[in-house]
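2 protein chains.
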Amino acid sequence: MSISPKLALLEEYALVARALSAPARLMLLEQLAQGERGVEALAEKTGLTIANCSQHLQQLRRAALVTSRRDGKAVIYRLTDAKTLELMDLLRIVAERNLAQVERILRGLSGGYDAPEPVSRAVLAARLAEGSVTVLDVRPSDEYAAGHIPGARNATLAQLEQILPTLAHDAEIVAYCRGPYCVYAHQAVATLRRHGLNARRLEGGLPEWREDGRPVLIHVG
Amino acid sequence: MSISPKLALLEEYALVARALSAPARLMLLEQLAQGERGVEALAEKTGLTIANCSQHLQQLRRAALVTSRRDGKAVIYRLTDAKTLELMDLLRIVAERNLAQVERILRGLSGGYDAPEPVSRAVLAARLAEGSVTVLDVRPSDEYAAGHIPGARNATLAQLEQILPTLAHDAEIVAYCRGPYCVYAHQAVATLRRHGLNARRLEGGLPEWREDGRPVLIHVG
DNA sequence: ATATCATTCAAGCGATGCCTTGAATGATAG
DNA sequence: CTATCATTCAAGGCATCGCTTGAATGATAT
Numbered sequence: 001m002s003i004s005p006k007l008a009l010l011e012e013y014a015l016v017a018r019a020l021s022a023p024a025r026l027m028l029l030e031q032l033a034q035g036e037r038g039v040e041a042l043a044e045k046t047g048l049t050i051a052n053c054s055q056h057l058q059q060l061r062r063a064a065l066v067t068s069r070r071d072g073k074a075v076i077y078r079l080t081d082a083k084t085l086e087l088m089d090l091l092r093i094v095a096e097r098n099l100a101q102v103e104r105i106l107r108g109l110s111g112g113y114d115a116p117e118p119v120s121r122a123v124l125a126a127r128l129a130e131g132s133v134t135v136l137d138v139r140p141s142d143e144y145a146a147g148h149i150p151g152a153r154n155a156t157l158a159q160l161e162q163i164l165p166t167l168a169h170d171a172e173i174v175a176y177c178r179g180p181y182c183v184y185a186h187q188a189v190a191t192l193r194r195h196g197l198n199a200r201r202l203e204g205g206l207p208e209w210r211e212d213g214r215p216v217l218i219h220v221g
Numbered sequence: 001m002s003i004s005p006k007l008a009l010l011e012e013y014a015l016v017a018r019a020l021s022a023p024a025r026l027m028l029l030e031q032l033a034q035g036e037r038g039v040e041a042l043a044e045k046t047g048l049t050i051a052n053c054s055q056h057l058q059q060l061r062r063a064a065l066v067t068s069r070r071d072g073k074a075v076i077y078r079l080t081d082a083k084t085l086e087l088m089d090l091l092r093i094v095a096e097r098n099l100a101q102v103e104r105i106l107r108g109l110s111g112g113y114d115a116p117e118p119v120s121r122a123v124l125a126a127r128l129a130e131g132s133v134t135v136l137d138v139r140p141s142d143e144y145a146a147g148h149i150p151g152a153r154n155a156t157l158a159q160l161e162q163i164l165p166t167l168a169h170d171a172e173i174v175a176y177c178r179g180p181y182c183v184y185a186h187q188a189v190a191t192l193r194r195h196g197l198n199a200r201r202l203e204g205g206l207p208e209w210r211e212d213g214r215p216v217l218i219h220v221g
């Protein structure tokens, strides 16, 4: 009943890939890229039931993409390390690079306008230093409170229309969200540009920004 | 169409991951990494039937990991670009790195379940002679192939859950691995006992067994 | 101890995936 | 046109996956 060593190895690799092969688990990883979370919080954010969420998390843990620790009654999950994020990013890059389907979906998101190139993190940091840019954090406010780019203003997609008048029409606006898997920033830029504002998207999201070693402001005033 | 654009995007990313989640397809990609090949050549190299091989290749093509062209009657497949290779490499790196990490983590938590006393090598040898025990080698398959206790069955930790139903519930199970500093056997025993099986750990590992002058079987059938 | 809360386990259902078998397609050679 | 070859399609069996429901576990507080 002993299988070949080679096949056993491939089975291990396949286990990791299989852990990444369900949209629900990618959602969980995206959430965990924001920071460590408990099961209940993850279930709420992703819309999964508690039990289902727990089972997905255990599958991710079996592939060692996440680790967990106890905190009182709660079990807190987090990404094992930056390699997990790298793997997710490369998966996304390959998918977007190769799949015309992805392009069509993103185009559908942008509502048919020509999406401009995203702003690199280095460029945004420079523009921030000279104060020539408005930064918009379009994630839910609890995630904003847990950490955001210094100087960024928070507005969910639902709030976006309301704060439109308060946005300068001359300065450039840069929107960001959770990261490459997240579509909030795409949608925000589409909305802003439809209203004639000069908006672009930040390349990557807050996890990538933090990964670069750039400042993150916690506990808003 | 767009029920949920976000889900649709994640579905596309998951499609790429799913394409990498079958050992057969990883074998095909490994072959293609050495150069473009026809279907028949790939089937021969991997031991798959022609039809099965063709279907796997189409799945890889759907994920845009490979592309194909016609050459006379034959269809020649090749990797789409270097990114496919990068993705395979990162998958392998993460899998191997994570397995080592699991080992380190488990070393920290030796407790967690009431571990029974390990079985001495002399006792195991006697029990083996009378056939009243199931021996489980929980090291990687290549190490198993390089030498193991005669009659031992090989199963990595990842495979353990899958072979659970095939393990006898009445006979005692003895698990061993590399030696006193290796945690595979500890973890295996913990898993088996969680499933209600009567499992214990061998004192020491294969090096100690060999050091005792006891038989070691090389070259598995 | 008992109660409570968060998480995990276990069983069942429907859907999907992998593999096999046998027939259909598409391109080339005579 | 017909025959041949490589590949693909189609249908079936069998296993696995993802989700749900309801109960069990583990840690904490009373």
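Chain order of the listed sequences is A and B.
Each residue of the first sequence is one higher than the one before, counting from 1 in UniProt numbering.
Each residue of the second sequence is one higher than the one before, counting from 1 in UniProt numbering.
Even for Gly, the Cβ is constructed at its ideal location relative to N, Cα and C.
| Check | Outcome |
| --- | --- |
| According to the neighbour-count rule (16 or more other Cβ atoms, all chains shown, within 10 Å of its Cβ), is A:Glu30 buried or exposed? | buried |
| Going by C-alpha distance, which of B:Gly151, B:Leu91, B:Pro5 is nearest B:Val174? | B:Gly151 |
| Tell me which residues share the same chain as B:Ala19 and place their Cβ nearer than 8 angstroms to its Cβ, disregarding the 5 neighbours each side in the sequence. | Arg25, Gln59, Leu60, Arg62, Ala63, Leu65 |
| Starting from the beta carbon of B:Arg97, find every residue of chain A whose beta carbon is closer than 8 angstroms, and list them in chain order. | Lys83 |
| For a contact defined as C-beta to C-beta under 9 angstroms, what are the partners of B:Lys45 on chain A? | Chain A residues near B:Lys45: none, gap ~12 angstroms exceeds 9 angstroms. |
| Could you confirm whether any beta carbon from chain A is found closer than 8 angstroms to the beta carbon of B:Thr191? | no |
| Could you tell me if B:Glu117 is buried or exposed, where buried requires 16 or more neighbouring beta carbons within 10 angstroms of its beta carbon? | exposed |
| What distance in whole Å lies between the Cβ atoms of A:Val138 and A:Ala185, which are believed to be in contact at a cut-off of 8 angstroms? | 6 angstroms |
| For A:Arg121 and B:Lys45, I'd like the C-alpha separation in whole angstroms. | 46 angstroms |
| Could you run through the segment 30-60 of chain B and flag, in chain order, every residue whose CB is less than 8 angstroms away from some CB of chain A? | none |
| Please compile the residues from chain B whose C-beta is within a distance smaller than 9 angstroms of the C-beta of A:Arg78. | Chain B residues near A:Arg78: none, gap ~13 angstroms exceeds 9 angstroms. |
| Select from B:His148, B:His56, B:Ile163, B:Gln187 the residue whose C-alpha is nearest the C-alpha of B:Gly205. | B:His148 |
| Strictly under 8 angstroms for the Cβ-Cβ distance: is A:Arg201 near chain B by that measure? | no |
| Using alpha carbons as the reference points, say which of A:Ile93, A:Thr80, A:Ser132, A:Arg92 lies closest to A:Gly35. | A:Thr80 |
| For A:Ser141, which residues in the same chain have their Cβ closer than 6 angstroms to its Cβ, ignoring the five residues on either side in sequence? | Asn154 |
| Where B:Gly213 and B:Glu172 are concerned, what is the direct C-alpha to C-alpha distance, given to the nearest angstrom? | 24 angstroms |
| Any C-beta of chain B within less than 9 angstroms: which residues of the segment 6-32 of chain A qualify? | Lys6, Leu7, Ala8, Leu9, Leu10, Glu11, Glu12, Tyr13, Ala14, Leu15, Val16, Ala17, Arg18, Ala19, Leu20, Ser21, Ala22, Pro23, Ala24, Arg25, Leu26, Met27, Glu30 |
| Assuming A:Ala33 contacts B:Ala17 under a Cβ cut-off of 8 angstroms, what Cβ separation, rounded to an integer in Å, is found between them? | At roughly 16 angstroms, the Cβ-Cβ gap does not stay under 8 angstroms, so A:Ala33 and B:Ala17 are not in contact. |
| For A:Arg200, I'd like the list of residues in its chain whose CB is within less than 6 angstroms of its CB, leaving aside the five on either flank, ordered along the chain. | Pro116, Val119, Val174 |
| Consider the Cβ of B:Ala185: report whether some Cβ of chain A lies at a distance smaller than 8 angstroms. | no |
| The beta strand (DSSP E) that contains A:Asp142, what's its start and end? | Note, A:Asp142: premise wrong, no beta strand (DSSP E); alpha helix (DSSP H) at 141-145. |
| Based on the DSSP output, what are the partners of residue 234 of chain B in its beta bridges? | Given that chain B is displayed from residue 1 to residue 221, the structure contains no residue 234 of chain B and the question cannot be resolved. |
| Taking CB distances under 8 angstroms as the criterion, tell me whether B:Leu160 reaches chain A. | no |
| Confirm, please, whether the CB-CB distance from B:Leu28 to B:His56 is below 8 angstroms. | yes |
| Strictly below 7 angstroms CB to CB, what residues from chain A border B:Arg92? | Tyr13 |
| Mind checking B:Leu217: buried by the 16 CB within 10 Å criterion, or exposed? | exposed |
| Below 9 angstroms on C-beta distance, what does B:Glu172 contact in chain A? | By Cβ distance, chain A contributes nothing, its closest Cβ being about 19 angstroms from B:Glu172, past 9 angstroms. |
| How many angstroms separate the CA atom of B:Ala43 from the CA atom of B:Thr49? | 6 angstroms |
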